[in-house]
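Single-structure report; data block below.
Numbering (the working numbering), first residue to last: 890 to 1266.
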């Protein structure tokens, strides 16, 4: 049984490291400069967000450089940065994470990204770019080494697996936070969920209708039980979702603002992006596109205050919560009651939407969450 208390629910924002603006499908209005990313991070911190996701990918600024910069420009905001198995050695990754944790005073959060576009992985030199399940097996080995050297302290750590061999591995200094920074991880395939059961502290999903999320949580808990039976090691696992956010004083304003985001998309670009997303071997991206395709006749509405209209334009967690503060806070509470304790949110443009969320949404949802307990069997 997993019990999630309202005091444990956390809210994260997003740093737009490819640029930012009011519209998708066109050139960003605001480049990802140091000054602008700092402005977004400070606005998120002032709004009451506890952490900020730094994205990873071929068209993003490097997450570790940006995360270090953001950590230096804020006092409480925690940078959530990506470790990418196959693109970096596990011992070096452990040292980088421990260093960020030390210099930020224990604010580092780690997002393990196995990768979902084969062409991106191939362009980065990953030899397993075409082997979906084996990438997750490698990820598990990778994180066993990372955790091993984190916990070894001044001692040496040895490891021999199918993908990695380490003799005398060390991570000095050790992470600031004990036993180590929290590990966030997403993967919707059976291979991804098996890896998550072994290595994750927070299992991340892209937002879907509430019943779909409940099904994923139930399935994930079964993978955790299987892992515990195999290893005899008890696991504690929390759950999180990634979503977009459009909150306005009235419902009409919110839906108008949401549809405006894709109002300048060229139809040919829409078709091109939809085809690209459909070709991915990532189960979560396929699920997002399934929702988008099924909801076309309903103006991409997939549930109460849930909209998939951005899914064909951008990859990743594109489903948006759309509505008034009262409506969206109700939806977030419903997801929290289902077992979600980590919400990673964002909106276009990220600066203004962080401020809107801080003013209209976060105080209200926290008030509603106060004293609530969500129980997952």
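Even glycine gets a Cβ: it sits at the ideal position worked out from N, Cα and C. Here the structure is a predicted model, which is why all the values come from computation and not from measurement.
Same chain, Cβ closer than 7 Å to residue i, neighbours up to 5 away in sequence not counted
i            : result
residue 1263 : Its pLDDT being 43, under 50, residue 1263 is placed unreliably by the model, and the measurement read from it follows with that caveat. Contacts found: 893, 1225, 1226, 1227, 1228.
residue 982  : 972, 1035
residue 1193 : 1220
residue 1218 : 1250, 1253, 1254, 1257
Residue burial classification, residue i (beta-carbon count within 10 angstroms, cutoff 16)
i            : result
residue 990  : buried
residue 904  : buried
residue 907  : exposed
residue 882  : The structure shown does not extend to residue 882, since the chain is modelled only from 890 through 1266, so no value can be given for it.
residue 1268 : Lying before the first or after the last residue shown, residue 1268 is absent from the chain, which here runs from 890 to 1266.
residue 898  : buried
residue 1137 : buried
residue 1072 : buried
residue 1259 : exposed
residue 965  : exposed
residue 900  : buried
residue 1097 : buried
residue 1157 : exposed
residue 1114 : exposed
residue 1061 : exposed
residue 1213 : buried
residue 1211 : buried
residue 1198 : buried
residue 1143 : buried
residue 1139 : exposed
residue 967  : buried
residue 1135 : buried
residue 1177 : buried
residue 1272 : As displayed, the chain neither begins before 890 nor continues past 1266, which places residue 1272 out of reach and without an answer.
residue 1185 : exposed
Spatial neighbours of residue i in its chain, beta-carbon cut-off 8 Å, leaving aside the 5 residues before and after
i            : result
residue 927  : 958, 959, 962
residue 1149 : 911, 912
residue 1122 : 1116
residue 909  : 917, 918, 919, 921, 925, 929, 1237, 1238, 1239, 1240
residue 1054 : 1048
residue 1023 : 1017
Contact with chain C by residue i, beta-carbon distance below 8 Å
i           : result
residue 977 : Protein chains in the displayed structure number just one, and chain C is not present.
Sequence-distant residues of the same chain with beta carbon closer than 6 Å to residue i, five excluded per side
i            : result
residue 1058 : 980, 1038, 1046
residue 1075 : 1093
residue 1128 : 1092, 1106, 1228, 1229
residue 1247 : 936, 937
The ligand MG heavy atom lying under 7 Å from the CB of residue i
i            : result
residue 1049 : This structure lacks the ligand MG, and indeed carries no ligand of any kind.
Beta-carbon separation (whole angstroms), residue i vs residue j, contact threshold 8 Å
i            : j            : result
residue 955  : residue 999  : Rounded, the Cβ-Cβ distance is 15 Å, inconsistent with contact.
residue 1124 : residue 1086 : 7 Å
residue 1063 : residue 1042 : 6 Å
residue 1276 : residue 1133 : Residue coverage of the chain in this structure runs from 890 to 1266, which leaves residue 1276 outside it and unanswerable.
residue 1267 : residue 1068 : What is shown of the chain runs 890 to 1266, which leaves residue 1267 out entirely.
residue 1131 : residue 1233 : 5 Å
residue 986  : residue 1028 : 15 Å between Cβ atoms; not a contact.
residue 902  : residue 952  : Contact flag wrong, Cβ pair sits at about 15 Å.
- Item | Any 3 or more C-beta pairs closer than 8 Å across the region 934–952 and the region 990–1005 | yes
- Task: Mind listing, in chain order, the continuous alpha helix (DSSP H) runs of no fewer than 4 residues lying wholly within the region 933–990?
- Result: 952–962
- Item | Segments of 4+ residues assigned as alpha helix (DSSP H) that fall wholly inside the region 1097–1176 | 1099–1120, 1140–1149, 1156–1167
- In chain order, which continuous runs of the beta strand (DSSP E) of length 3 or greater are located wholly inside the region 994–1044? 998–1001
- Minimum length 3: unbroken beta strand (DSSP E) runs contained in the region 1218–1244: 1229–1235
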